[in-house]
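Chemist: Chains as they are written, first to last, in the numbering used here: chain W, 330 to 663; chain Y, 513 to 819.
Heads up, the beta-carbon is just placed ideally off N, CA and C, and yes, glycines get one too.
Got a structure for you, questions after.
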Amino acid sequence: MSSTETTVRAGSDQIRPGGATPRRRRLPLRTRLRRDWQLLAMIAPGFVILLIFSYLPILGNVIAFQDYNPYVGSNPLEAFVKSNWIGFGQFQLLFADPAFWHAFRNTLAITAFQLVFFFPLPILLAIVLHSLLSSRLRGFIQTVVYLPHFFSWVLVVSFFVAMLGGAGLLAQTMREAGMEPWNVMTNPDTFILLVTVEAVWKDVGWGTIVFLAALSTIDQNLYEAAAADGAGRWRRLWHITLPGLRPVIVLLLILRLGDALSVGFEQFLLQRDAVGRQASEVLDTFVYHFSIATGNYGYGAAAGLFKAAVGLCLILAANKVAHMLGERGIYSRS
Amino acid sequence: MTATFLRKPPGTRPRRPAWEEPPSPLGQGAKAVLLGLLVLSVLFPLWVILVTSLSSRETIAEAGGLVVIPKGIDTSAYATIFAGGAVTRALWISTLVTVIGTILALTITVLAAYGLSRPGSLGYRWLLAYFLLPFLIYPPLVPKYLVVTGLGLKDTIWALILPPAISVFNLVVVRGFFQGIPSELVDSARIDGASDFRTLTQIVLPLARAVIAVVGLFYAVSYWNVWFDALLFIDRNDMYPIQRVLQSYLLAGQAPTNSGAATGVTMPPTEAIKMAVVVLTVTPIVAVYPFIQRHFVKGVLIGAIKG
């Protein structure tokens, strides 16, 4: 791209704007194309990737209304064309399937549990971190607690197995002390607690970033004025700090609600063998096991589509509620 | 935030404002315990795993499994791993996926972010909606599986590289940063006759180093951590990335119902070898992360919140 070439083009734009007289104020398409073709060319690779790997699968959801048989054609597209349409048959099967409702209940229970026992923790930690005066200490703690966010779930679960599993450090210490060792990793009764602790360990530090940013934008004069009016530290926390965090809290709550049916796929699939299906089957693992693992694609697609539809409704509803409460939500106008 | 703190000259510690009460010893103690435990919960397992991976068979037997206090260094576990086999191959494949994937994804993201950072350009609104919509609607699992396998990508590294080659979140971050650059700068480049490509490479990119580093780290970490896509798209044992091998070493043996994660390893790995695989999986992240961590707040928050 030589610059002279572009100069000439930019100049010719001004002299001869496209030729035809524009109907509206907008420049004619040809002129705009000539002006913006580089921008369009830059967008093209991302456009293609999204088209193939996001939009095509979204359209591919229609196999939920088919009795999709991958063997009737030589490739998925041909199989799609040749498969029978059966309307809502897959959904009828799905809604009559106790295993599906079991996974659904598990998912909701885990989401609710994490909303109560995980969601407030980053806020709390951010407030504590923010109150540290020593910047070195604070920087060090932040560096350490952000780190697990970058570990894969395989690593996180491996860490927990090494610490708390049947051959792990906890069991080893308990055996040495002459006690009956626990195996926390294979106990279905405490599984919900275990996955929450894992999630907290992995992401509590990372979750503080956005709250720390919000805390640093709160006007210090408010604190000073409140202190002058006789408000103690807890009243300042309640009347200044928390209202200051409110927009961020609402935003993250909405995002969390939108994801209510996605509790984190890998974590559950990885531990499914250890604790059994009863405790660990969530909607995502259900979709995986009843489609790709068993070849029943239409059925899995129906379950996935149901999940996506409910998720989208939840996020729209939550955003609506946020607007009614006078918050910005995730999208305001545009 | 951290960066500026770390660079502050000694002796300029921020003081508590005059109106604030002095902290109670109880409160300070509670804070110290809480934060101390949190930091330990991250560092202690890392320590135990590292020490065990570097311990001899006798030390491990003596300790009864995992070693907390090291007694001498024995690198035989690493020697065994690097002598070749499943782990060495998996490390190569993961490295390949990470390097190619990060470069590709970063290029695609930066180009798209710049292309979408100029309001009023041709198709701007439609293209922006097109790029942001996948943020609300995830690609569903089953059709995505059929698309990737239908393209013949199964059992190739491209099945791991191409589908996540643009992440809408990262796109939003980079685009937000680009839009935060004063428009006078971009406009004056245009008036001087620079093309869009030239403006991007010579004006915008040098200003965006921090955000590029952060987003690059995000991509690199996600490619290094790829596990589920490998479960879906990689059936051949000799194409496994490191996370799949780690899973089969550490987790598959946990329960009697082994979900078909055979790796072709005949001997059960010893405790030291297991922990060495964990160490090798963690190392790239722990090695790169501290250098980029200081850009987090600058890079991500400016990009994401303003955008």
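Any Cβ of chain Y within less than 8 Å of the Cβ of W/Pro405?
Modeler: By this cut-off, W/Pro405 is an interface position.
Chemist: Tell me which residue opens and which closes the alpha helix (DSSP H) that Y/Ser568 is part of.
Modeler: Premise fails: Y/Ser568 is in no alpha helix (DSSP H) and is neither H nor E.
Chemist: Can you say whether W/Arg467 is buried or exposed, counting buried as having 16 or more other CB atoms within 10 angstroms of its CB?
Modeler: By the 10 Å Cβ count, W/Arg467 comes out buried.
Chemist: Checking contacts by CB at 8 Å: is Y/Asn682 closer than that to chain W?
Modeler: So no, Y/Asn682 is outside the interface.
Chemist: Determine the direct distance from the alpha carbon of Y/Val685 to that of W/Thr472, and round the result to whole angstroms.
Modeler: C-alpha separation (whole angstroms): 21 Å.
Chemist: Using a Cβ-based criterion (distance less than 7 Å to any ligand heavy atom), does W/His568 qualify as near the ligand PLP?
Modeler: Among the components modelled here there is no ligand, and therefore nothing to report on the ligand PLP.
Chemist: Over what stretch of residues does the alpha helix (DSSP H) that includes W/Phe615 continue unbroken?
Modeler: It spans 612-618 - the alpha helix (DSSP H) in which W/Phe615 sits, taken as one unbroken run.
Chemist: Check whether the region 553-571 of chain W touches the region 515-526 of chain W, taking contact to mean three or more Cβ pairs, one atom from each stretch, closer than 8 Å.
Modeler: Cβ pair count under 8 Å is below three, so no.
Chemist: Is Y/Asp708 close to chain W? Criterion is C-beta to C-beta, closer than 8 Å.
Modeler: Chain W, which has a Cβ nearer than 8 Å to the Cβ of Y/Asp708, makes this yes.
Chemist: On the DSSP letters alone, give me the boundaries of the alpha helix (DSSP H) that W/His459 sits inside.
Modeler: Counting along the chain, the alpha helix (DSSP H) containing W/His459 begins and ends at 449-459.
Chemist: At a CB-CB cut-off below 8 Å, which residues of chain W make contact with Y/Phe740?
Modeler: Phe594, Glu595, Leu598, listed in chain order.
Chemist: From which residue to which residue does the alpha helix (DSSP H) around W/Phe479 run?
Modeler: Looking at the DSSP string, W/Phe479 is not in any alpha helix (DSSP H), and its letter there is neither H nor E.
Chemist: Closer than 8 Å by C-beta to Y/Leu683: which residues in its own chain qualify, once you throw out the five before and the five after it? Chain order, please.
Modeler: Hits under 8 Å: Thr621, Ala624, Ala625, Leu628, Phe643.
Chemist: Which chain Y residues sit within Cβ distance under 8 Å of W/Gln501?
Modeler: Simply Ala575, Gly576, Gly577, Leu578.
Chemist: Which residues mark the beginning and the end of the alpha helix (DSSP H) in which W/Asn435 is found?
Modeler: W/Asn435 -> alpha helix (DSSP H) spans 427-446.
Chemist: Please check the pair Y/Gly688 and W/Asn404, which I expect to be a contact at CB under 8 Å, by giving their CB distance rounded to whole angstroms.
Modeler: Actually they do not touch by this definition, with Cβ atoms about 40 Å apart.
Chemist: Going by the DSSP bridge assignment, what does W/Gln395 pair with across the sheet?
Modeler: Answer is W/Trp414.
Chemist: Mind pulling the alpha helix (DSSP H) runs of 4 or more residues that sit fully within the region 506-573 of chain W?
Modeler: 520-545, 549-557, 562-565, all fully within the region 506-573 of chain W.
Chemist: Closest by CA to W/His478, which one among W/Ala589, W/Gly629, W/Glu527?
Modeler: Comparing Cα positions, the closest option is W/Glu527.
Chemist: Label W/Thr360 either buried or exposed according to how many other C-beta atoms from any shown protein chain fall within 10 Å of its C-beta, with 16 as the threshold for buried.
Modeler: The residue in question, W/Thr360, is buried, as its Cβ has 16 or more Cβ neighbours within 10 Å.
Chemist: So which residues on chain W does Y/Leu603 lean against when the C-beta distance must stay under 8 Å?
Modeler: Correct list: empty, because the minimum Cβ distance to chain W is about 14 Å.
Chemist: Taking 8 Å as the CB-CB limit, is W/Val616 close to chain Y?
Modeler: For W/Val616, the answer is yes, since a Cβ of chain Y falls inside 8 Å of its Cβ.
Chemist: Measuring alpha carbon to alpha carbon, tell me which residue in W/Trp430, W/Phe489, W/Gly633 is nearest Y/Ile649.
Modeler: It is W/Gly633.
Chemist: Just how far apart, CA to CA, sit Y/Ile746 and Y/Leu665?
Modeler: Distance between the alpha carbons of Y/Ile746 and Y/Leu665 is about 9 Å.
Chemist: Less than 7 Å between C-beta atoms, sequence neighbours within five positions excluded: which residues of the same chain meet that for Y/Pro796?
Modeler: So the list reads Trp736, once near-sequence residues are dropped.
Chemist: Specify whether the region 535-551 of chain W and the region 425-436 of chain W touch according to this definition: at least 3 beta carbon pairs, one from each stretch, less than 8 Å apart.
Modeler: No: the two stretches stay apart, fewer than three of their Cβ pairs being nearer than 8 Å.
Chemist: Since Y/Arg528 meets chain W, which of its residues come closer than 8 Å, beta carbon to beta carbon?
Modeler: Within 8 Å Cβ-Cβ: Leu462.
Chemist: Sort W/Val401, W/Phe382, W/Phe469, W/Leu379 by Cα distance to Y/Val554 and report the nearest one.
Modeler: The option with the nearest alpha carbon to Y/Val554 is W/Phe469.
Chemist: Please compile the residues from chain W whose C-beta is within a distance smaller than 7 Å of the C-beta of Y/Ala598.
Modeler: Here the premise fails: no neighbours, minimum Cβ distance about 15 Å.
Chemist: Might you give, ordered along the chain, the residues of its own chain that have their beta carbon closer than 6 Å to the beta carbon of Y/Ser771, omitting 5 neighbours on each side?
Modeler: Its pLDDT being 36, under 50, Y/Ser771 is placed unreliably in this model, and the value from its coordinates should be taken loosely. So no residue of the chain qualifies.
Chemist: Tell me the rounded alpha-carbon separation between W/Arg352 and W/Leu358.
Modeler: Unreliable placement is indicated for W/Arg352, whose pLDDT of 49 sits below 50; no coordinate value is reported for it.
Chemist: Give a yes or no on contact between the region 585-595 of chain W and the region 628-646 of chain W, applying the rule of three or more CB pairs nearer than 8 Å.
Modeler: The region 585-595 of chain W, when compared against the region 628-646 of chain W, does touch it at the 8 Å Cβ threshold.
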